[in-house]
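Going by full-length UniProt numbering, the residue at position 102 of the sequence shown is 102; the numbering climbs one at a time, nothing skipped.
For each residue, glycine too, the CB sits at the ideal point set by N, CA and C.
The structure displayed is predicted, hence computed values, not measured ones.
Before any comments, here is the structure.
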Amino acid sequence: MIDRSIRPLFPKDYSGETQIICKPLAVDDDGDPVMLGLNAASAALTLSDIPWEGPLGAVRVALINNEVVVNPSRKNMKSSSVDLVIAGCDNGKRILMIDMDGCEIEMENFSECIRIGLQAISHLIQAINKVKDSCGRPKRQNGNEEIDIDLIALTEEMHVLCGDQLYQILTNAKHDKLSRDQAVSELGDRLLEKFKERSSPHKLRHTFRNLLKRSLREALFKSEKRCDGRKFNELRPVNIRMDVHKNLHGSALFQRGQTQVFSTVTFDAPSAAFQPDALSQLLGAQQKK
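Spelled out as structure tokens, the structure:
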């Protein structure tokens, strides 16, 4: 969860070896080590000379009796219908990461959880920035920050040459995921061959990936549909088969679109029962069974 939150704020071409260790030295009933660790990592990166585009803030949000509660205690969390973690930046104006577990709730309630969570995040970011102003270190140069004018021109040339083809591929609902990826890959290979004298293969692939993202955004907002023809609020077909293999104690095949998960269960003797770890239980990572 920490990695997913902080990684997008590193420069794309950042290659410096960086390690962040969040180790709880003591715990109490009300402290949330995950949120504390995430915000501590944000503060550490912000105060360091590492070229990181933070700070970020993170909160855990609960919905208890239709009331939004930010960073609830573990006791109160048991009464919540959702367990929502939000990480954001730009003073709470941009969401970096969402992790949620819970029951189905109304969209209005979910939006309210996000809104109040981002408000709390903005206060955390302001606090980290205050500390940065008093004792933060100047950021070192990444070393790869030059703007490559040729690549900018090359991106536009690629867009003129294949923008329409990309749009057709991305909006053709007859493609499945594999055939669409294959069509995009073949188009990319042709472009790399055409422009191979202009730049290195690595930079050409990076340019094509950026062009692909740009074309995908354009296709989504113009058609208001996903690549497979679904509207934004439509789900892929879901299929579940139980007891797929009779010789197993239990088995099931879950399929959503082209994604499949095959699960099995095996029962053991009572002597092999779950042995909980005391510290993990205290942190809420494991429950008694």
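Take the alpha-carbon of GLN255 and the one of LYS231: they are about 20 Å apart.
For MET97, DSSP records a beta bridge to ALA87. VAL61 has VAL70, LEU84 as its beta-bridge partners, per DSSP. Below 8 Å, too few C-beta pairs join the region 172-190 and the region 125-134 to call them touching: fewer than three. Its Cα nearest to that of LYS203, the residue MET158 stands out among MET158, CYS113, GLY88, GLU106. As a beta-bridge residue in DSSP terms, ASN239 pairs with GLN255. With a beta-carbon spacing of about 7 Å, LEU56 and LEU9 fall inside the 8 Å limit used to define contacts. When DSSP states are grouped into helix, strand and coil, LYS231 belongs to the strand group. The three-state reading of DSSP puts GLY163 in helix, counting H, G and I together. Of the candidates CYS103, HIS245, ASP3, the residue whose Cα lies closest to the Cα of THR266 is HIS245. Membership of SER42 in the alpha helix (DSSP H) is indicated by the continuous run 33-47. Here DSSP, grouped into helix, strand and coil, assigns PHE221 to helix.
Pairwise C-beta distances place the region 10-21 in contact with the region 37-54, as three or more of them are shorter than 8 Å.
Assigned with DSSP and collapsed to three states, THR207 falls in helix. Going by beta carbons, ASP228 and ALA183 fall outside the 7 Å limit. In the DSSP annotation of this structure, ARG7 is not part of any alpha helix (DSSP H), being labelled neither H nor E. Annotation: LYS139 to THR207 spans about 27 Å, alpha carbon to alpha carbon. Listed as beta-bridge partners of GLY250 by DSSP are VAL265.
Ranked by Cα distance from ILE240, the options THR259, ARG226, GLU224, LEU248 are led by THR259.
Between the alpha carbons of ALA272 and SER80 lies a gap of roughly 32 Å. Under the three-state reduction of DSSP, GLN19 is assigned to coil, being neither helix nor strand. Within the DSSP secondary-structure output, GLY102 pairs in a beta bridge with VAL82. GLN119 carries a helical assignment under DSSP once its states are collapsed to helix, strand and coil. Each residue's CA atom was taken as its position, placing MET77 and LEU84 some 10 Å apart.
GLY88 is a Cβ neighbour of ILE121, given a cutoff of 7 Å.
Per DSSP, reduced to three states, the secondary structure at GLN260 is strand. Straight-line spacing of the CA atoms in LYS12 and MET100 works out to 27 Å.
Taking a 10 Å sphere around the C-beta of CYS162, we find 16 or more other C-beta atoms and assign the residue as buried. Secondary structure of PRO55 (DSSP, three-state): coil.
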